[in-house]
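Single-structure report; data block below.
Okay, structure coming up:
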């Protein structure tokens, strides 16, 4: 949904552009900005829910923090991203990725 009112007061998972968080070293992205600007109650930490290769990503880039990098360079990474998102205990998922991730994974 593009309705920003669905964010206010919600527990939000922020999915950000992977290379921006990893190689670029950014501490936030478009999803985080949108969540904070529109009154999210809480940003959900994805780390307890990580699956597969995403565990390796967080080991290699431990400063990612409470954001989920959209790593999807192969089928396994895409599956791990989908599984991680669907396991997260959140009210809403905000994607700050350059593509519509709902076109390649089921959320």
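In the working numbering, the protein residues as written are -11 to 95.
Positions of the beta carbon are idealized from the N, C-alpha and C atoms, including for glycine.
Around the CB of residue 92, fewer than 16 other CB atoms lie within 10 Å, so the residue is classed as exposed. Put simply, the backbone Cα of residue 62 is about 20 Å away from that of residue 37. 42 is the residue among 42, 23, 53, 8 whose C-alpha sits nearest the C-alpha of residue 67. Counted as a single uninterrupted DSSP element, the stretch harbouring residue 23 is not any beta strand (DSSP E) but the alpha helix (DSSP H) occupying residues 18 to 25. Judged by DSSP secondary structure, residue 6 falls within the alpha helix (DSSP H) whose first and last residues are 6 to 9. As DSSP reads the structure, residue 2 sits in a beta bridge with 82. Judged by DSSP in its simplified three-state form, residue 31 adopts strand. Residue 75 carries a helical assignment under DSSP once its states are collapsed to helix, strand and coil.
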